[in-house]
Amino acid sequence: MDKAVTDIARGWAETRERVAQACAKARRPSDSVLLLAVSKLKPAEDVRSAYEAGARAFGENYAQELRNKAEVLADLADLRWHAIGPLQINKAKYVAKSAFAFHALDWVDVAEELSRRRTLPPLECYLEVNLAGEESKGGVAPAQLEGLLQDVRRLPNLKVVGLMGLPPLGPDAEASRPYFRELAGLAKSVGVSGLSMGTTADFDVAIEEGATVVRVGTAIFGER
Ligand SMILES: *Cc1c(COP(=O)(O)O)cnc(C)c1O
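In the working numbering, the protein residues as written are 1118 to 1341.
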């Protein structure tokens, strides 16, 4: 076994353990959180190594990279791809074809294109909320969430399952807590149960605040 393979297996096992500890601390069952292995900018062999270590759900930011990896790794039949990055309309077809879920839905035009291109089963979608009004990030303002939700719910081949948020980079994990709490409150107020929140820097706190999916890259695959 070459070194990268054992490093990834260890990264996966240690991250799983951290998820389990955060769940225990929050008195939640450890299977109430999906650990999404974010493999963006890492080669397909790294995805295969994580798969062999037990990972089944992978997150990718770039639609063409997702499509390419899905092709190369098509033999891994129970692997599920989650598109987690901003998506341009002209690339929606790749996500519609290859992904199980999309976490960065913030625009009805993209939603319509995804629905048009999707065949069964419906694409699971998280609506992205821009929690701190950051111009550099995607997501709708909290005040626009209800309107987007109503528009997306009309589309036949999408299924809204929750909200996604990416707090501003803070000095520590605790700095993310108020944003996670706000996202959880918004999800409750619009009546969705999924919460995609928390990365390597802050996923323990996200789990305490109710995350159902954590998106973790660096802790599993190393620095990009
Ligand atoms: C890259 C990325 C992650 C993973 O970040 P790490 O710090 O490597 O854990 C999670 N979510 C989104 C939207 C990302 O782009």
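Virtual Cβ for every residue (Gly too), placed ideally from N, Cα, C.
Residues sharing a beta bridge with residue i, DSSP
i, result
"Ser1313", "Met1281 and Val1330"
"Arg1197", "Ala1174"
"Ala1218", "His1199 and Glu1241"
"Lys1276", "Glu1241"
"Val1269", "DSSP output for Val1269 lists no bridge partner at all."
"Val1257", "Val1246"
Cβ-Cβ distance between residue i and residue j below 8 Å
i, j, result
"Val1164", "Ser1156", "yes"
"Glu1182", "Ala1218", "no"
"Leu1158", "Arg1332", "no"
"Tyr1243", "Leu1265", "no"
"Ala1141", "Glu1325", "no"
"Val1307", "Leu1275", "no"
"Thr1132", "Ala1336", "yes"
"Leu1204", "Ala1174", "no"
"Leu1312", "Gly1327", "yes"
"Met1281", "Glu1251", "no"
"Ser1215", "Ala1187", "yes"
"Glu1230", "Ile1206", "yes"
"Val1189", "Ala1161", "yes"
"Ala1290", "Ala1318", "yes"
"Gly1279", "Val1309", "yes"
"Gly1176", "Phe1338", "no"
"Lys1254", "Arg1234", "no"
Integer-rounded CB distance, given that residue j should sit under 8 Å from residue i
i, j, result
"Ala1130", "Ala1167", "Contact doesn't hold; Cβ gap of about 11 Å is too wide."
"Pro1284", "Leu1248", "6 Å"
"Val1330", "Arg1294", "Contact flag wrong, Cβ pair sits at about 17 Å."
"Val1225", "Val1269", "7 Å"
First and last residue of the uninterrupted alpha helix (DSSP H) at residue i
i, result
"Val1212", "Ala1209 to Ser1215"
"Val1155", "Val1155 -> not in any alpha helix (DSSP H); beta strand (DSSP E) instead, spanning Leu1151 to Val1155."
"Leu1231", "Val1225 to Arg1234"
"Ala1301", "Arg1294 to Val1307"
"Ala1336", "Thr1335 to Phe1338"
"Ile1324", "Phe1320 to Glu1325"
"Arg1184", "Ala1180 to Val1189"
Terminal residues of the beta strand (DSSP E) in which residue i lies
i, result
"Tyr1243", "Leu1240 to Glu1245"
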